[in-house]
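Visitor:
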Amino acid sequence: MKTCLIVDDSKVIRKVARHILETLDFQVEEAADGREALTRCESSMPDVVLLDWNMPVMSGMEFLKLLRQRGHDDQPKVVFCTTENDMAHIRAALDAGADEYVMKPFDRETLHIKLQLVGVA
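Using UniProt numbering, the first residue of the sequence shown is number 1, and each one after it goes up by one.
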């Protein structure tokens with residue numbers, strides 16, 4: 001079973017994403033910010049990370065840069081999931097090592113397509 005770490009400070013978004021991912025046969029973990037997500041990745045690397053941009057403590061972008069810098073052999077796919085929809089944000093995320101980008105609000109079909117595009121669904 002594939003694993004996904006949902007990183008978002010919104011409990012509602014985590015709950016919705018968890019429901020969708022579980023219907024797609026993912027085992028799901030959650031983190032409320034980038035620092036908590038890094039800790040979870042250090043203990044058990046997921047197959048994919050669904051990552052919010054704007055969070056307290058450590059932003060999604062800070063998390064992504066640190067994750068990629070650590071150079072683990074088992075790097076997860078990272079799908080940014082955010083309301084930031086301008087080309088500058090999208091380009092910055094991809095340049096920092098994100099594999100795909102999905103806009104909030106999202107639905108099951110959209111998320112499933114993005115996960116297929118990165119090769120985990």
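For glycine and all other residues, C-beta sits at the position ideal for the given N, C-alpha and C.
Quick check: is any heavy atom of the ligand ZN less than 7 angstroms from the C-beta of aspartate 73?
Guide: Among the components modelled here there is no ligand, and therefore nothing to report on the ligand ZN.
Visitor: Terminal residues of the continuous alpha helix (DSSP H) containing residue 123?
Guide: Coverage of the chain is limited to positions 1 through 121, which leaves residue 123 absent and any answer about it impossible.
Visitor: Among Gly97, Asp107, Arg14 and Gln116, which residue has its Cα nearest to the Cα of aspartate 52?
Guide: If we check each option's Cα against that of aspartate 52, Arg14 comes out closest.
Visitor: Return the chain-ordered ranges of every alpha helix (DSSP H) run that is complete within the UniProt domain "Response regulatory" (3-119) and spans a minimum of 4 residues.
Guide: Runs found: 11-23, 34-43, 60-69, 87-96 and 108-117.
Visitor: Would you kindly check if the distance between the Cβ of glutamate 100 and the Cβ of valine 118 is under 8 angstroms?
Guide: Yes, they are a contact pair.
Visitor: Please report how far the alpha carbon of aspartate 74 lies from the alpha carbon of aspartate 86, in whole angstroms.
Guide: 30 angstroms
Visitor: Within 10 angstroms of the Cβ of methionine 1, are there 16 or more other Cβ atoms? Answer buried if so, exposed if not.
Guide: Label assigned to methionine 1: exposed.
Visitor: Leaving out five residues before and five after proline 76 in sequence, what residues of the same chain have Cβ atoms less than 7 angstroms from its Cβ?
Guide: Annotation for proline 76: Met45, Pro46, Asp47, Val48 and Val49 place their beta carbon closer than 7 angstroms to its own, counting only its chain and skipping 5 residues before and after.
Visitor: Given alanine 98, which residues of its chain have a CB within under 8 angstroms of its CB, disregarding the five upstream and five downstream residues?
Guide: Leu51, Leu64, Val78, Val79 and Phe80
Visitor: Which whole-angstrom value describes the C-beta separation of arginine 40 and leucine 5, a residue pair presumed to lie in contact below a C-beta threshold of 8 angstroms?
Guide: 6 angstroms
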